[in-house]
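These protein sequence lines are chains A and B, in that order.
All you need for this note's numbering is the position in the first sequence, starting with 1, plus 118.
All you need for this note's numbering is the position in the second sequence, starting with 1, plus 118.
Shown next, in structure tokens, is the structure this report addresses.
Protein chains: 2
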Amino acid sequence: MSPPNTSSARRESGDDRRIAIAQAARAIIIEKGLEGLRTRDIAERVGINIATLHYHVPTKEALVALVAASLREDFKASAQRHPRADLPGLQQLRVEFAEFAEIVAESPELIAVLSELIDRARRDPSIAEIILPLQSFWTGQYAEIFRIGVSDGSLRPDLDPEAAAVITTAALSDCWRPHRRAQLPAVTAELECAFSFPSSQG
Amino acid sequence: MSPPNTSSARRESGDDRRIAIAQAARAIIIEKGLEGLRTRDIAERVGINIATLHYHVPTKEALVALVAASLREDFKASAQRHPRADLPGLQQLRVEFAEFAEIVAESPELIAVLSELIDRARRDPSIAEIILPLQSFWTGQYAEIFRIGVSDGSLRPDLDPEAAAVITTAALSDCWRPHRRAQLPAVTAELECAFSFPSSQG
DNA sequence: CAGTTTCTCAATCAAATGATTGATTGGTAT
DNA sequence: ATACCAATCAATCATTTGATTGAGAAACTG
Chain A
119 MSPPNTSSAR
129 RESGDDRRIA
139 IAQAARAIII
149 EKGLEGLRTR
159 DIAERVGINI
169 ATLHYHVPTK
179 EALVALVAAS
189 LREDFKASAQ
199 RHPRADLPGL
209 QQLRVEFAEF
219 AEIVAESPEL
229 IAVLSELIDR
239 ARRDPSIAEI
249 ILPLQSFWTG
259 QYAEIFRIGV
269 SDGSLRPDLD
279 PEAAAVITTA
289 ALSDCWRPHR
299 RAQLPAVTAE
309 LECAFSFPSS
319 QG
Chain B
119 MSPPNTSSAR
129 RESGDDRRIA
139 IAQAARAIII
149 EKGLEGLRTR
159 DIAERVGINI
169 ATLHYHVPTK
179 EALVALVAAS
189 LREDFKASAQ
199 RHPRADLPGL
209 QQLRVEFAEF
219 AEIVAESPEL
229 IAVLSELIDR
239 ARRDPSIAEI
249 ILPLQSFWTG
259 QYAEIFRIGV
269 SDGSLRPDLD
279 PEAAAVITTA
289 ALSDCWRPHR
299 RAQLPAVTAE
309 LECAFSFPSS
319 QG
């Protein structure tokens, strides 16, 4: 039994290990898709043996669920930032768009992992159970902003908050993709025009 | 060498074979994703030997490209239907939405194949080369309708056709997914409101 | 410290996977 | 009928794949 490379290194805790495994899996999904995700490649990237990987995450299915859970954790972290509840709806929308643009800039490739998991969610209820509520939550936040905007008169009175939220999140997601990224500013500007109330422009 | 199951069956032509292979692959992608696409499963579904599959489509990569090409063929077939060029922009938009709803109803699961290929396009230039032009073409059609609508006054004069087209196609694609399908009518209605010119409502 | 639990590893397993080989069959032209 | 080419097949290959086993090390606990 050869000693660890760093002879004085403590073992990572189980939780830290699983975080490292999830991060490695995410990186590989970005490169090769779920299609190319291999347990050995993950183990290698983390710097552990394949059996160790299985010790911490017993099946490949559990591994994909771990990736989904790690996305949920990330999402939770960014959901802690509250929108400025004192601002008119239209202003809140602008703030959300600016924050979204920041996320895209910080994590340009996260959409690849998300998209793969959304595709898998259709086929795998355990992934759907994690991913779909994230989507709903995100859409729900926009719906709430739209309701506020309709109430305060900064957004169109005939606007359907739920439908507008779907349109918005769909458009933003599409602009997260590499070949659409350059269009994000134009798309957010158009969304603002589309939903704002012309007689209360401000 | 055992005789074929249907002793009087003619051999299929190479083109017919490849069509059958593409269709079988599409069906399997819907069930299992690209992740679960296996050459032997395809061969079995078509009713041929694995070596025969390789005879017609030499590599798995070529197989995925064949699937993408078959989507392109489908798309071409539906792109033959011309929009009513004599109608105002807003009316054309309504016609497009109605036709889109028909496609969704006819081919509810096509989005799964499309989505998997869009994900792969990011990682594989040969797929991107097929899939991205399809997307651009679709978006371009909406942009053209928006330009017409701005000109004829049925749509908002401050509307950005390209951005509006991205928003529209993104929202429609999202509503093709199973968990969003019920929202398609509300979303198309909201898109109409968002882009129409209030003083020329008709 | 000793005992127990957790974690890690190399080696291995059984099956799957994309692909190949060589023989045979089907189809066509002369 | 023959020759040639296209297509098909069973058998096979080499490698990969998710997962397991059993021994040993590391960490924890009393």
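Just so you know, even glycine gets a beta-carbon here, dropped at the ideal spot from N, CA and C.
| Asked | Found |
| --- | --- |
| Neighbourhood of Glu227(B) by C-beta, 6 Å cutoff - its chain only, sequence neighbours within 5 removed | Ile148 |
| Member of Glu153(A), Ala180(A), Phe315(A), Gln141(A) whose CA lies at the smallest distance from the CA of Glu162(A) | Gln141(A) |
| Cβ neighbour criterion (16 or more within 10 Å) applied to Thr286(B) | buried |
| Proximity of Asp237(B) and Asp134(A) at Cβ, strictly below 8 Å | no |
| Rounded separation between Thr124(A) and Gly165(A) - CA only | Caution is warranted here: a pLDDT of 40 is assigned to Thr124(A), below 50, making its placement in the model unreliable, and no coordinate value can be reported. |
| Phe313(A) at chain B interface by Cβ criterion, 8 Å | yes |
| Proximity below 8 Å, CB of Val222(B) to CB of Val284(A) | no |
| Same chain, Cβ closer than 8 Å to Glu310(A), five either side skipped, listed in chain order | Leu208, Leu211, Arg212, Phe215 |
| 9 Å Cβ cut-off: residues of chain B touching Leu152(A) | Gly151, Leu152, Glu153, Asp237 |
| CB contact flag (Ala362(B), Ile139(B), <8 Å) | This structure does not reach residue 362(B), given that chain B is present from 119 up to 320, and the question cannot be answered. |
| Beta-bridge partners of Leu273(A), as assigned by DSSP | Ser314(A) |
| Exposed unless 16 or more other CB atoms sit within 10 angstroms - verdict on Asp261(B) | According to the sequence provided, residue 261(B) is Ala. The question's Asp does not apply to it. Answer is buried; the Cβ neighbour count reaches 16. |
| CA-to-CA distance, Gly132(B) to Ser225(A), given in whole angstroms | 45 Å |
| Proximity below 8 Å, CB of Ala289(A) to CB of Ala288(B) | yes |
| Neighbour-count burial assignment, Ile168(A), 16 or more Cβ in a 10 Å radius | exposed |
| CA-to-CA distance, Arg136(B) to Met119(B), given in whole angstroms | Annotation note: pLDDT 35 at Met119(B) (below 50); position unreliable, coordinate value reported separately. In a straight line, the C-alpha of Met119(B) is about 24 Å away from that of Arg136(B). |
| With 16 other Cβ atoms within 10 Å as the buried cut-off, status of Glu217(B) | exposed |
| Any C-beta of chain B under 8 Å from that of Val185(A) | no |
| Length of the line joining the Cα atoms of Pro279(A) and Ala281(B) | 20 Å |
| Beta-carbon proximity list for Phe179(A), same chain, < 6 Å, skipping 5 on both sides | For the sequence presented, residue 179(A) should be read as Glu rather than Phe. Hits under 6 Å: none found. |
| Interface positions of the stretch 137 to 150 of chain A facing chain B (Cβ-Cβ less than 9 Å), listed along the chain | Ile148, Glu149, Lys150 |
| Interface partners of His297(A) on chain B, CB under 7 Å | Leu250 |
| N- and C-terminal bounds of the alpha helix (DSSP H) containing Ile229(B) | 228 to 239 |
| Any chain B beta carbon closer than 8 Å to Ala300(A) | no |
| N- and C-terminal bounds of the alpha helix (DSSP H) containing Gly151(A) | Segment: none, Gly151(A) is in no alpha helix (DSSP H) and carries neither H nor E. |
| Buried or exposed by the 16-neighbour rule on C-beta atoms within 10 Å, applied to Glu308(A) | buried |
| Local conformation of Pro279(B) per DSSP, three classes | helix |
| CB of Ile245(A) within 8 Å of CB of Trp294(A), strictly | no |
| Residues of its chain near Ala219(B), where Cβ-Cβ distance is below 7 Å and the 5 sequence neighbours each way are ignored | Leu302 |
| Run of the alpha helix (DSSP H) containing His174(A), from where it starts to where it stops | 168 to 174 |
| is_contact[Ser131(A), chain B] using C-beta, thresh 8 Å | no |
| Chain A contact residues for Leu309(B), given Cβ-Cβ distances below 9 Å | Ala281, Ile285, Ala312 |
| Where Trp256(B) sits in the DSSP three-state scheme | helix |
| Nearest neighbour of Phe315(B), chosen from Pro206(B), Leu273(B), Pro296(B) [CA to CA] | Leu273(B) |
| Extent of the continuous alpha helix (DSSP H) run through Arg295(A) | Segment: none, Arg295(A) is in no alpha helix (DSSP H) and carries neither H nor E. |
| For Pro303(A), three-class secondary structure by DSSP | helix |
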